[in-house]
Structure formats: C-alpha cells, structure tokens
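Enquirer: Here the sequence shown stands for residues 107 to 228, where the numbers follow the working numbering.
We put the beta carbon where it would ideally sit given N, CA and C, even for glycine.
Here's a structure for you.
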Amino acid sequence: MYSIRSRPVPDDCLFCRIAGGAIPTDFEHEDDRVVAFRDINPQAPTHILIVPKRHIATVNDLAADDADLVGHMMLTARSLAENEGIAGPGYRLVVNCNPDGAQSVYHIHLHLMGGRQLRGLG
Numbered sequence: 107m108y109s110i111r112s113r114p115v116p117d118d119c120l121f122c123r124i125a126g127g128a129i130p131t132d133f134e135h136e137d138d139r140v141v142a143f144r145d146i147n148p149q150a151p152t153h154i155l156i157v158p159k160r161h162i163a164t165v166n167d168l169a170a171d172d173a174d175l176v177g178h179m180m181l182t183a184r185s186l187a188e189n190e191g192i193a194g195p196g197y198r199l200v201v202n203c204n205p206d207g208a209q210s211v212y213h214i215h216l217h218l219m220g221g222r223q224l225r226g227l228g
C-alpha cells in the first residue's frame with residue numbers, strides 16, 4: 107500500500123488499476139488528470155465514468171486544492187456529453203459518497219448519464 111494525504115490507498119483499488127493501465131479499458135477520454143470510460147452496468151444509454159488518476163476515496167476526502175481537479179472533471183463531462191450528442195437534450199451528473207450515498211467503488215468518480223428522458227430524483 108501507498109498513501110495519498112496520509113490515507114492508505116488499497117493495492118486492489120479497481121479505478122487506480124484502470125487509470126494506471128493495469129486493467130485494459132477502452133477510454134472515451136484520457137489526459138494527465140482523468141480517464142473516462144463506459145460503465146459496465148449502464149443505467150442509461152450513455153453512462154460514462156470520469157475518474158481522476160490520483161486516488162481520492164470519497165468526496166469527503168477532497169481538499170481545497172482539489173477544486174481545479176473537480177472543475178476539470180465537470181468540464182470533461184461537458185465535452186463528453188457534446189461528443190455523445192446528449193448536451194442539447196440534457197444529461198445527469200452524479201457523484202455518490204459512502205454507503206448511504208450508494209458509493210460502490212471507493213475512488214471518487216463522476217457519472218455522466220443521458221440518452222433518454224431520466225426520471226426525477228425527488
């Protein structure tokens with residue numbers, strides 16, 4: 107194990123392994139800070155995950171100096187939505203945090219979902 111900000115990073119972090127190339131994945135986008143790939147269990151016709159290359163377990167672990175990374179994730183989502191043809195009709199961005207927020211992989215990631223009318227959350 108190694109650590110980021112003194113928190114241990116599990117050797118078996120799925121998204122660290124994907125972002126680092128240990129698990130072959132078709133990326134929809136890759137740059138020096140994030141990768142984006144299609145969800146293996148899509149909840150909409152377009153369902154892409156935007157994942158930082160640096161391990162951050164949950165939204166609660168973000169620090170003030172991560173603001174640029176979070177903004178970059180949002181702008182990447184916007185660009186992907188345009189490329190997928192869903193920017194005009196609309197799309198949803200979701201970040202889950204911890205068990206009650208339905209987080210299943212403890213490496214922050216942004217869900218981009220669209221391609222059909224999505225049901226309301228309220």
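What ranges does the alpha helix (DSSP H) occupy inside the stretch 119 to 149, keeping only unbroken runs of at least 4 residues that lie completely in it?
Expert: Segments of the alpha helix (DSSP H) lying fully in the stretch 119 to 149: 120 to 125.
Enquirer: What first and last residue would you give for the beta strand (DSSP E) that runs through residue 157?
Expert: 152 to 158 is the extent of the beta strand (DSSP E) around residue 157.
Enquirer: List the residues that DSSP assigns as beta-bridge partners of residue 216.
Expert: Answer is 156.
Enquirer: Check residue 165 in the structure and name its three-state DSSP category.
Expert: Helix at residue 165.
Enquirer: Could you name the residues that DSSP lists as bridge partners for residue 199?
Expert: DSSP output for residue 199 lists 218 as bridge partner(s).
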